[in-house]
Each structure stands twice: as C-alpha cells, then as structure tokens.
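Down below is the structure, laid out as structure tokens.
Numbering (the working numbering), first residue to last: 106 to 443.
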C-alpha cells in the first residue's frame with residue numbers, strides 16, 4: 106500500500122512541476138521522494154511535500170540558481186532576505202535583455218505540415234548540436250536527424266564529445282525515418298529558422314527539407330553516421346553529481362592556458378583549476394580532468410543558470426552535461442588523463 110503517497114505524475118500536476126523536473130530535483134537532492142520502489146524505481150511523494158515543491162517552483166520561476174534555492178529551503182531564515190534581494194538586483198539588471206527575447210518569440214510565425222517542431226527550438230538545437238560535428242572527417246562531419254513518432258532528434262559527435270537534442274513534435278505524418286545532413290549546411294539555416302514560430306522537417310529519398318518561411322532542401326552527407334546508441338547503452342549509472350552555475354563554470358574552465366583543467370569536489374564546492382565554485386555535490390567525490398576546448402563549448406551550448414554534471418564509477422567514461430531548464434539536451438564529454 107502507498108499510505109496516501111502520490112505517484113510522480115499526480116504530484117507533478119498538484120504542484121505544477123513537470124515529472125522530468127521532479128526527477129532532476131530528486132537527483133540533485135533538492136526535492137527527494139518520500140519513497141522509491143526498490144524493484145521498479147518508481148517515485149512516490151507525500152502530500153506534506155507540496156509546500157516545499159511549490160516554493161521550489163516559485164523560486165525556479167524567478168530564476169534563482171539551485172544552490173541558492175537550497176540555501177533558502179534549508180538555510181537559516183535570516184539569510185533568506187539577503188539571498189532574494191541579491192537575486193532581485195540581478196534579475197532587474199537582466200530585464201531589458203529578457204524583454205527583447207520575449208518580443209522575438211512573440212513575433213515568430215509560420216505554417217504547419219508533417220513533422221512540425223518549434224522554429225526557435227530547432228534553431229537552438231542546431232546551434233547546440235552542430236558544433237560537435239567534425240568537418241575534417243567525412244564520417245563525423247554530418248548531423249544525424251531522426252524523425253520519430255513523438256520527437257525529432259539531432260545528434261553530432263567528434264569522438265571527444267557527443268551532443269544530442271530532442272524536440273517535441275506537434276504534428277507528424279509518415280513512418281519514422283532518419284537522414285544525415287552536412288553540419289555546415291544545417292548551421293546556415295539556423296538564423297532563418299529562428300524567425301519562424303514553427304518549422305516542418307520532411308525526410309524523403311535520403312534527403313531533408315525544412316520548411317519555415319520558405320522551403321530549403323538539404324543534401325545528405327555521403328558517409329554513414331556512427332551508432333551513437335551504443336555509446337549511450339554502455340554508459341554506466343551516475344555515482345556522482347555536481348550542480349553549479351553554468352557560466353561561472355565555463356569561465357573557470359577557460360581561465361587558465363593549460364591543455365587540461367581538473368575538476369574536484371571539496372564539500373559544497375567545486376574546485377576548477379584555481380577557482381572554487383559553490384555547488385551541490387551529492388554522491389562520491391569527483392576528481393576528473395578535461396580538455397578546456399572540449400568542455401567549454403559543451404557548457405556554452407546549455408541554457409539556464411545551472412548545469413548538472415553526472416559522473417559514472419568508470420573514470421574513462423564520458424561525463425554527461427545536463428541542464429535543469431532544458432532536459433531534452435545533453436552532451437557527453439570525454440575526460441583526459443588527470
């Protein structure tokens with residue numbers, strides 16, 4: 106019996122947080138389930154957790170970073186006011202930029218046909234995924250575009266990192282298909298697609314057409330795309346997680362001029378070279394090294410103030426870079442020798 110506990114879907118509806126966000130908050134230790142089924146892994150929540158979840162939702166809606174949300178939830182009450190006032194000053198400073206973004210989104214429009222996705226989302230996916238392709242090698246120069254039943258996926262890799270973004274489909278006809286498109290050709294379409302509210306992708310005869318304000322047909326790359334699912338299947342479960350400010354981590358990674366940068370957890374801080382960043386660090390201690398030229402673009406491609414790094418027990422496996430504000434995009438980055 107569940108003793109009045111709520112399933113994750115019911116709890117999500119009651120508190121106004123998506124199930125994927127609830128899983129993310131559980132992984133970060135911000136909002137843990139009342140019970141996890143040891144066999145199925147299904148998460149159950151107690152009604153008493155609704156007030157904490159509602160506060161998390163409100164603070165995240167205000168853009169408060171997760172480490173600061175944790176301080177508000179679990180820290181001394183006298184510190185809450187200063188944390189929120191400091192964040193308010195930051196929000197007001199960014200208000201003009203946010204207003205411009207909203208105006209651009211409101212101005213977007215387009216037509217709808219077969220496999221239709223948001224234009225701004227597709228442009229964002231192109232921006233995030235294409236840089237992971239390697240134009241110097243024919244096999245890796247392309248971007249895999251998969252049109253599935255409920256989503257469109259873009260995947261690219263240069264062997265050192267693998268970027269993948271999934272987009273929800275609002276309308277689709279025909280069977281699932283895939284095609285490999287030259288990354289450079291796809292990148293050129295990004296700005297035009299961003300100006301359209303929707304974009305329709307059609308895969309036919311091993312070619313891809315994207316229709317937004319005007320139709321553009323792309324020739325596929327000649328080489329086959331590597332089977333990226335093998336990499337995902339071999340990836341172990343995470344034993345360590347680190348949540349910290351995305352831009353601060355990117356800046357720290359790029360601060361030095363060495364060929365590699367070390368990341369090490371120390372209590373509630375992440376040590377990056379000579380920098381110490383506030384972080385949530387559940388799980389085993391982390392000690393890893395990366396090529397800044399590979400890790401920094403993965404951080405730059407994310408969105409939102411926070412980034413989640415997931416490490417497996419195998420130090421030779423890639424780290425998974427995720428975003429709390431965009432769970433449909435993740436990048437795998439290979440470590441280097443420490």
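Built from N, CA and C at the ideal position, the CB exists for glycine as well.
Predicted, not measured: the structure shown is a model, and the values here were computed from it.
- Taking the Cα positions, residue 285 is about 23 Å away from residue 439.
- With fewer than 16 other Cβ atoms inside 10 Å of its own Cβ, residue 194 counts as exposed.
- Residue 375 is positioned such that its CB atom lies closer than 7 Å to that of residue 382.
- Residue nearest to residue 415 within the set 342, 408 and 365 is 342 (criterion: CA-CA distance).
- Residue range 366 to 371 is occupied by the beta strand (DSSP E) that includes residue 371, with no alpha helix (DSSP H) assigned at that position.
- Going by DSSP, residue 345 is part of the beta strand (DSSP E) stretching over 343 to 350.
- DSSP places residue 323 in the strand class (E or B) of the three-state scheme.
- In the three-state scheme derived from DSSP, where H, G and I count as helix and E and B as strand, residue 148 is classed as strand.
- The alpha carbon of residue 109 has as its nearest neighbour, out of 150, 433, 202 and 334, the alpha carbon of 150.
- Contact between the region 138 to 152 and the region 180 to 187 is absent: fewer than 3 CB-CB pairs across the two stretches fall below 8 Å.
- Per DSSP, residue 132 lies in no beta strand (DSSP E); the unbroken alpha helix (DSSP H) holding it starts and ends at 124 to 133.
- Between residue 278 and residue 251, the alpha-carbon positions lie close to 14 Å from each other.
- According to DSSP, residue 256 shares a beta bridge with 273.
- Membership of residue 316 in any alpha helix (DSSP H) is not indicated; the residue belongs instead to the beta strand (DSSP E) covering 312 to 316.
- DSSP, reduced to helix, strand and coil, places residue 140 within a strand of the structure shown.
- Pairing residue 348 with residue 171 gives a Cβ-Cβ distance under 7 Å.
- Here DSSP, grouped into helix, strand and coil, assigns residue 381 to strand.
- Residue 435 sits in a strand when the DSSP states are folded into three classes.
- At the C-beta level, residue 351 and residue 394 stay beyond 7 Å of one another.
- If you look at residue 116, you'll find it in the alpha helix (DSSP H) that goes 113 to 120.
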